[in-house]
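One structure is given here, and the rest of the page talks about it.
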Amino acid sequence: MCSICNEPPTLIRDLKITVKDVSLVFPPQKSHTKSIFLSNIDRVLNFPVETVHFFPSHDDFPPPVVAEKLKRTLSELLVPYHFLAGRLRSNPDTGRLEIDCNSAGIGFVVASSDYELDDVGDLVYPNPAFGQLVCKSVDSLEQDNQPLCIVQVTSFKCGGFAMGVRTSHVTFDGLSFKIFLDNLAALAADKSLVVTPCNDRQLLAARSPSRVSFPHLELAKFHDSSPPVIDPTSEALDFKVFRLTSDDITNLKEKAKASGGAHGDARITGFNVVTALIWHCKALSWDEHDPDRVSTLLYAVNIRPRLIPPLPRSYSGNAVLTAYARATCKEIEEAPFAKLVELVTEGAKRMTDEYARSAIDWGEIYQGFPDGEFLVSSWWKLGFDEVDYPWGRPRYSCPVVFQRKDIILLFPDIDDNNGVNVLVSLPSKEMSKFDNLFRNYLP
Numbered sequence: 001m002c003s004i005c006n007e008p009p010t011l012i013r014d015l016k017i018t019v020k021d022v023s024l025v026f027p028p029q030k031s032h033t034k035s036i037f038l039s040n041i042d043r044v045l046n047f048p049v050e051t052v053h054f055f056p057s058h059d060d061f062p063p064p065v066v067a068e069k070l071k072r073t074l075s076e077l078l079v080p081y082h083f084l085a086g087r088l089r090s091n092p093d094t095g096r097l098e099i100d101c102n103s104a105g106i107g108f109v110v111a112s113s114d115y116e117l118d119d120v121g122d123l124v125y126p127n128p129a130f131g132q133l134v135c136k137s138v139d140s141l142e143q144d145n146q147p148l149c150i151v152q153v154t155s156f157k158c159g160g161f162a163m164g165v166r167t168s169h170v171t172f173d174g175l176s177f178k179i180f181l182d183n184l185a186a187l188a189a190d191k192s193l194v195v196t197p198c199n200d201r202q203l204l205a206a207r208s209p210s211r212v213s214f215p216h217l218e219l220a221k222f223h224d225s226s227p228p229v230i231d232p233t234s235e236a237l238d239f240k241v242f243r244l245t246s247d248d249i250t251n252l253k254e255k256a257k258a259s260g261g262a263h264g265d266a267r268i269t270g271f272n273v274v275t276a277l278i279w280h281c282k283a284l285s286w287d288e289h290d291p292d293r294v295s296t297l298l299y300a301v302n303i304r305p306r307l308i309p310p311l312p313r314s315y316s317g318n319a320v321l322t323a324y325a326r327a328t329c330k331e332i333e334e335a336p337f338a339k340l341v342e343l344v345t346e347g348a349k350r351m352t353d354e355y356a357r358s359a360i361d362w363g364e365i366y367q368g369f370p371d372g373e374f375l376v377s378s379w380w381k382l383g384f385d386e387v388d389y390p391w392g393r394p395r396y397s398c399p400v401v402f403q404r405k406d407i408i409l410l411f412p413d414i415d416d417n418n419g420v421n422v423l424v425s426l427p428s429k430e431m432s433k434f435d436n437l438f439r440n441y442l443p
């Protein structure tokens with residue numbers, strides 16, 4: 001049965017971190033590549049992503065040993081991932097953002113906490129203090145010379161530790177970052193790379209001449225020089241985590257099948273039914289209910305297998321585009337559940353080779369960003385907590401969360417492999433409506 005994960009009563013807001021060492025890690029030899037082209041997908045994602053990976057204590061791998069091994073391994077890994085040691089620059093001839101492969105290095109930080117790992121409590125609940133486990137910048141470097149990647153190893157008093165990673169989103173999407181972690185774990189265990197990364201980002205270059213063959217209702221043009229992906233809000237927000245068990249998700253699938261009728265095109269997957277449920281609740285929770293208002297849901301689709309020919313699974317750049325579903329609030333309120341699932345399904349089905357190429361070309365002409373009522377950002381099945389390091393798998397892995405009313409996050413559950421945690425931030429009145437709708441809609 002769905003449960004609400006409220007803020008723990010003893011939430012630690014200061015992990016009492018002491019930074020012991022800050023250094024740069026360099027590749028063993030300089031890159032022979034001068035620069036890396038960035039696709040239109042990469043360029044719009046020029047913002048940081050922070051993840052934290054928690055590990056229990058291991059007798060053979062105390063935190064100082066882990067830190068030293070990670071530092072050596074990262075240096076080795078900067079050969080196949082040579083771009084990661086570079087810096088973002090504007091091409092002097094074209095003005096286009098690219099990575100200067102100057103082998104300037106990545107950041108590496110060793111720190112400690114005055115707490116034990118168990119003191120931190122529920123790792124699923126996105127404690128803002130987790131941000132202290134990720135280094136934001138290397139203070140000895142100028143702002144325009146900051147690394148594209150910084151790794152921080154923070155030891156806890158019990159012998160457990162956290163590995164916090166900050167990367168520029170231009171470097172990886174979720175799938176390629178998972179492969180990066182798999183390769184990091186393999187090299188740390190003195191094994192070969194699991195997958196050799198494909199760093200040719202020209203594979204996602206715009207066509208010449210560019211050809212926009214769809215209206216792309218999921219995109220909007222920039223209104224200023226550096227807009228966010230989705231406009232943030234300055235409103236005061238409530239925050240809740242809705243936990244759906246594997247049984248809840250099975251029941252949602254059964255509800256979709258039972259209401260199928262003429263909606264046989266619905267692809268009844270865990271993601272689709274959870275996203276349809278979220279859409280129903282989010283669209284109908286607006287403070288001013290207007291049945292004719294059009295609600296636009298956005299979510300990311302991996303385009304690697306959808307292109308002709310398919311992109312290599314090993315493609316290291318960003319290969320996700322924004323799919324959308326649209327309907328009026330009246331339609332969302334009255335539609336059988338299967339219809340909502342079908343509309344979500346259509347968003348991904350729309351993402352053909354031609355549609356993806358058209359979206360990339362749209363970015364070449366207009367330089368825009370995803371635009372909708374809200375985005376469902378799924379970390380549910382990325383598998384960061386399945387990476388096998390020499391010191392074992394993480395107890396839990398998660399991004400550092402910033403509360404946004406226009407982004408709803410899906411996290412894996414720490415106990416239920418097929419369950420999911422839905423992280424929602426909304427103004428108080430909207431949250432109350434969302435909560436009631438969410439609970440009442442479950443079978």
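Mapping to UniProt numbering: the sequence shown position 127 is 127, numbers consecutive.
Backbone N, C-alpha and C fix where the C-beta goes; we use that ideal spot for every residue, glycine too.
Close beta carbons around residue i, own chain, < 7 angstroms, minus the five adjacent residues each side
i, result
"Ile268", "Lys253, Ala256, Lys257, Val341"
"Ala129", "Ile12, Arg13, Asp14, Leu15"
"Val19", "Val109, Ala111"
"Thr10", "Gly121"
"Phe61", "Pro390, Trp391"
"Val66", "Val153, Phe161, Trp391"
"residue 447", "Because the chain is modelled from 1 through 443, residue 447 falls outside the range shown and cannot be assessed."
"residue 445", "With the chain represented from 1 up to 443, any question about residue 445 goes unanswered, as that position is not in the structure."
"Pro64", "none"
Rounded separation between residue i and residue j - CA only
i, j, result
"Pro370", "Asn302", "15 angstroms"
"Leu437", "Phe83", "46 angstroms"
"Leu23", "Gly107", "Sequence check: residue 23 is Ser here, not Leu. Taking the straight line from one Cα to the other gives about 6 angstroms."
"Trp379", "Phe411", "5 angstroms"
"Pro56", "Arg393", "9 angstroms"
"Phe271", "Asn251", "13 angstroms"
"Leu423", "Ala220", "26 angstroms"
"Val44", "Asp190", "36 angstroms"
"Ser225", "Asn46", "Below a pLDDT of 50, predicted positions are generally treated as unreliable, and Ser225, at 40, falls in that range; the measurement from the model is reported next regardless. About 13 angstroms."
"Ala335", "Pro126", "33 angstroms"
"Lys306", "His280", "Here residue 306 turns out to be Arg, not Lys, going by the sequence shown. Rounded to whole angstroms, Arg306 to His280 spans 28 angstroms at the Cα level."
"Leu343", "His289", "21 angstroms"
"Gly95", "Val294", "38 angstroms"
"Ala300", "Val376", "8 angstroms"
"Val273", "Thr345", "10 angstroms"
"Arg207", "Ala85", "29 angstroms"
"Thr33", "Ile150", "22 angstroms"
Among the options, nearest to residue i - alpha-carbon criterion
i, options, result
"Gln403", "Glu235, Pro412, His289", "Glu235"
"Leu321", "Pro336, Arg313, Asp353, Glu333", "Asp353"
"Ala111", "Lys221, Thr94, Gly164, Gly363", "Gly164"
"Ser358", "Arg326, Ser213, Thr51, Ala67", "Ser213"
"Ala188", "Lys71, Lys282, Val294, Trp286", "Lys71"
"Ile365", "Cys158, Lys429, His216, Cys135", "His216"
"Asn145", "Lys405, Arg89, Phe242", "Arg89"
"Leu77", "Leu193, Tyr299, Ser259", "Leu193"
"Ala327", "Leu375, Asp292, Asn91, Ile17", "Asp292"
"Arg313", "Leu175, Glu50, Pro147", "Leu175"
"Asp415", "Glu116, Gly131, Tyr396, His58", "Tyr396"
"Lys339", "Ala276, Lys282, Leu133, Ile308", "Ala276"
"Asn102", "Asp114, Leu148, Pro399, Val400", "Leu148"
"Val52", "Asp435, Leu409, Val400", "Val400"
"Pro28", "His58, Ser75, Ile332, Glu333", "Ser75"
"Gln132", "Asp114, Ser428, Ser140", "Asp114"
Distance CB(residue i)-CB(residue j) smaller than 8 angstroms
i, j, result
"Leu442", "Asp247", "no"
"Gly105", "Phe26", "yes"
"Phe384", "Leu181", "yes"
"Thr296", "Gly372", "yes"
"Ser35", "Glu98", "yes"
"Gly347", "Tyr315", "no"
"Phe37", "Arg166", "no"
"Leu184", "Thr73", "yes"
"Ser285", "Leu426", "yes"
"Lys240", "Met431", "yes"
"Ser428", "Asp238", "yes"
"Tyr81", "Pro197", "yes"
Cutoff 6 angstroms; reference residue i; Cβ partners in own chain excluding five residues on either side
i, result
"Ile179", "Val195"
"Arg211", "Asp361"
"Asn418", "Ser246"
"Lys433", "Ser285"
"Asp435", "none"
"Asn440", "none"
"Val124", "Ile414, Asn421"
Cβ-based neighbour list, residue i, same chain, cut-off 8 angstroms, excluding 5 preceding and 5 following
i, result
"Ile41", "Leu204, Gly317, Asn318, Ala319, Val320, Leu321, Ile360, Gly363"
>> Just to confirm the assignment: which complete beta strand (DSSP E) runs, minimum length 3, are found wholly within the segment 384-425?
In response: 396-399, 407-412
>> Report the start-end ranges of each beta strand (DSSP E) in the segment 92-135 that is 3 residues or longer and not cut off at the edges.
In response: 97-100, 106-113
>> As an exercise, report each continuous beta strand (DSSP E) stretch of at least 3 residues that is fully enclosed by the segment 43-70, in chain order.
In response: 48-55
> At which residue ranges does the segment 235-280 contain complete beta strand (DSSP E) runs of 3 or more residues, listed in the order of the chain?
Replying inline: 238-244
> For the segment 286-330, which segments carrying the beta strand (DSSP E) assignment without a break, of at least 3 residues, lie completely within its bounds, in sequence order?
Replying inline: 294-302, 320-328
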